[in-house]
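Notes for the one structure printed next.
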Amino acid sequence: MNRAVVRFNALWLCLAFSFLLAACGSKEAEQRTAFIGFLQARVLDKPGLRVPTPTADEKASFGDYAQHYAVIADFNEGMNKSVSQPMGQVMAKGALRSIADLASRRDDLKAAKDGLGGLRTALDQELAKADAAHAKLKQPDDLKQVYDKAYEKTVSAPAATFKEVFPALDKVFDGALAVGDYLEQNKSKIQVSGSSVSVSDPAVQAQLNKMLQELNGQSKDINAAQAKMQAMVRGS
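Under my numbering, the final residue of the sequence shown carries the number 236; numbering is consecutive throughout.
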């Protein structure tokens, strides 16, 4: 009699444990489905760069997959704080309103160029951290396909577009500094008043015109890079 009870109890425990495993598996499937639906509807199907903040209920429905979304959200938060916002300050410091600024604001231009190097380093660090976290994620194939597309759209593509802006800005700052140095070196032959420039030496005038033309061409590269970034954000 006792042996039968023992066997029955053991069988009951096995059945209960199997049911528990099945229930856990179903919960994971539900969480994965909820997360896939969020990524598809709120990130991939929306035009432009969108990194929405999940509601408390949405986050709870993702289960452990909420940490997977945190990889994307943390990158964008870090990029905004350490790259996007400081970029505005760099651009303001390096903004030029007239040819006279090229000579009188060389220190600002140097500071802007140095600041640009710091932004590039910050972006590299944020991207490396996100890529490392992404590589460690364990995901079923159906989720991985959707998540990788969302990661490309919200992490890889923005980082790559930002990196296109840096070389163009570097060239502009280098060109502006070169013109400023040239104006200073030939200040006895060059008179600058606002946007008006008069040069007494034809050779100096020819060289200055060449340098200004090159600087204008470099500015077009920046405009093209900025247009690409804006198109990415808008989704146009």
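Cβ atoms here follow ideal geometry from the backbone N, Cα and C, with glycine treated the same way.
Counterpart residues of residue i in DSSP-defined beta bridges
i	result
Val-199	Ile-190
Residue i and residue j closer than 8 Å at C-beta
i	j	result
Leu-137	Asp-170	no
Ala-159	Leu-123	yes
Ala-168	Gln-218	yes
Gln-40	Phe-62	no
Val-90	Leu-127	no
Tyr-69	Pro-86	no
Gln-125	Val-165	no
Whole-angstrom distance between residue j and residue i, CA atom to CA atom
i	j	result
Cys-24	Asp-131	A caution first: Cys-24 carries a pLDDT of 48, below 50, which makes its placement in the model unreliable, though a value can still be read off. Their Cα atoms are separated by approximately 30 Å.
Leu-96	Ala-224	18 Å
Gly-94	Ala-112	5 Å
Ser-200	Ala-176	22 Å
Asp-174	Leu-102	11 Å
Ile-222	Asn-216	10 Å
Asn-209	Glu-77	43 Å
Ser-88	Glu-28	A quick correction: the sequence has Gly, not Ser, at residue 88. Spanning the two alpha carbons is a distance of roughly 43 Å.
Leu-49	Met-232	6 Å
Asp-45	Lys-110	42 Å
Gly-207	Arg-105	According to the sequence as given, residue 207 is Gln; it is not Gly. The alpha-carbon atoms of Gln-207 and Arg-105 are separated by roughly 21 Å.
8 Å Cβ shell around residue i - same chain, five flanking residues per side excluded
i	result
Glu-58	Ala-34 and Phe-38
Sequence-distant residues of its chain with Cβ nearer than 7 Å to residue i (five each side left out)
i	result
Tyr-151	Ile-72 and His-134
Ile-36	Asp-142, Leu-143 and Val-146
Ile-99	Val-192, Ser-195 and Val-197
Cβ-based neighbour list, residue i, same chain, cut-off 6 Å, excluding 5 preceding and 5 following
i	result
Ala-66	Lys-59
Gln-205	Val-199
Pro-52	Arg-42
Met-229	Thr-161
Residue-level contact to chain B via CB, residue i, 8 Å cutoff
i	result
Lys-210	Checking the listed chains, one finds no chain B in this structure; it contains a single protein chain.
Entirely enclosed alpha helix (DSSP H) segments - the stretch 72–102, minimum 4 residues | List check, alpha helix (DSSP H) in window: 85–94.
Which runs of the alpha helix (DSSP H), 4 residues or longer, sit entirely within the stretch 124–165?
-> Assignment of alpha helix (DSSP H) within the stretch 124–165, counting only whole runs of 4 or more residues, yields 141–151 in chain order.
At which residue ranges does the stretch 27–76 contain complete alpha helix (DSSP H) runs of 4 or more residues, listed in the order of the chain?
-> Complete alpha helix (DSSP H) runs here, min 4: 56–62.
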